[in-house]
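According to the working numbering, the stretch in the sequence shown is residues 9 to 93, in order. Below is one structure, written out as structure tokens; comments come after it.
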Amino acid sequence: MVRGKTEMRRIENAASRQVTFSKRRNGLIKKAYEISILCDAEVALIVFSSRGRRYEFASSSVMTRSMLGLCFLSTEDCEYIFFAS
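Printed below as a string of structure tokens:
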């Protein structure tokens, strides 16, 4: 049986929201790791929680600062993807 579309909206229950954030953050980090291995790509990921905690992933420890420097200093080489609601 096929599920219907789920409406994207904020989770009101704080505990449920935190659990969902943790699970999805871990899934996102896993996918970043997988694409770095499978495609031999340099990947850097930064996620901020609603409380301001920072979570990072980089495919190599040396690469993190240089890649972030490239993206923040030069917008020409970076592709930004936004999802409209």
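Glycine is no exception: its CB is placed at the ideal position from the N, C-alpha and C atoms.
Quick one: give me the first and last residue of the alpha helix (DSSP H) that isoleucine 54 is part of. Segment 52 to 56 is the beta strand (DSSP E) holding isoleucine 54; no alpha helix (DSSP H) there.
Return the first residue and the last residue of the beta strand (DSSP E) that glutamate 64 is part of. 62 to 66
With DSSP collapsed to three states, give me the class of serine 93. Caution is warranted here: a pLDDT of 46 is assigned to serine 93, below 50, making its placement in the model unreliable, and the coordinate value is therefore given only provisionally. Of the three classes helix, strand and coil, the one that applies to serine 93 here is coil, per DSSP.
So, with DSSP's three-state summary, where would you put glycine 35? helix
Is it the case that the segment 36 to 46 contacts the segment 57 to 70, given that we only count it when at least three CB pairs across the two stretches are under 8 Å? yes
Go ahead and pull the three-state DSSP assignment for alanine 95. Residue 95 cannot be examined here, being either before or after the span of the chain that is shown, 9 to 93.
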